[in-house]
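Residue numbers (this note's numbering): 111 to 245.
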C-alpha cells in the first residue's frame, strides 16, 4: 500500500506511511487554459512534482469518494480547499482500496474536501508528487 498522510493521523495504516506532511507550500494552481470557463476550471487542477513535471488532475468533491476508490490506475491527492487556499494533505496510489469506506475515513479524519486524481500508470508519479507536496 503506497500512501502518505499527516503524522498525527490515527487511521489504522500507520505502518504504511511513506512521507509525513510538514508545513509545506503547495505547488499547484488552476489551469490558465480554462480561465474563461468556471464549470471546467472547477473540475481540473495542476500540481507540480519534485522533478518540475506538471500533473493535471481531475477534481472530485468529498461526496464522490466511491468514484475515486474505484479507480485502478492513478494517484489521488487529498486536498483541503477554503476560498482561495488549496493545501495538499495526503497522497495515495489508487487501486488498493476494497471499498470507498477506507478512502472516505481517511478523508474525513484529515478534513479533506476534494480529491485531485491524476490518471496514470506511469512509474514514479506517486513518488514525484509526494516528494513535492508532502516534504
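C-beta: ideal position from N, C-alpha, C; glycine also.
Asked: Alpha-carbon spacing of residue 237 relative to residue 146, whole angstroms; Found: 33 Å
Asked: Strand pairing of residue 196, partner residues [DSSP]; Found: 191
Asked: Coarse secondary structure for residue 182, derived from DSSP in three states; Found: coil
Asked: Residues near residue 242 in its chain [Cβ-Cβ closer than 7 Å; skip 5 each side]; Found: 137, 158, 159, 160
Asked: Check whether residue 224 and residue 189 have beta carbons under 7 Å apart; Found: yes
Asked: Nonlocal neighbours in the same chain, by C-beta distance under 6 Å from residue 198, ignoring five residues either side; Found: 136, 187, 189, 243
Asked: Cβ pair residue 162, residue 228 closer than 7 Å; Found: no
Asked: Length of the line joining the Cα atoms of residue 231 and residue 164; Found: 16 Å
Asked: Separation of residue 240 from residue 217, as counted between CA atoms; Found: 17 Å
Asked: Boundaries of the alpha helix (DSSP H) in which residue 236 is found, first to last residue; Found: 235-243
Asked: Beta-carbon proximity of residue 204 to residue 169, cut-off 7 Å; Found: no
Asked: C-alpha distance - residue 273 paired with residue 176, whole-angstrom precision; Found: Outside the displayed span of the chain (111 to 245) sits residue 273, for which this structure offers no information.
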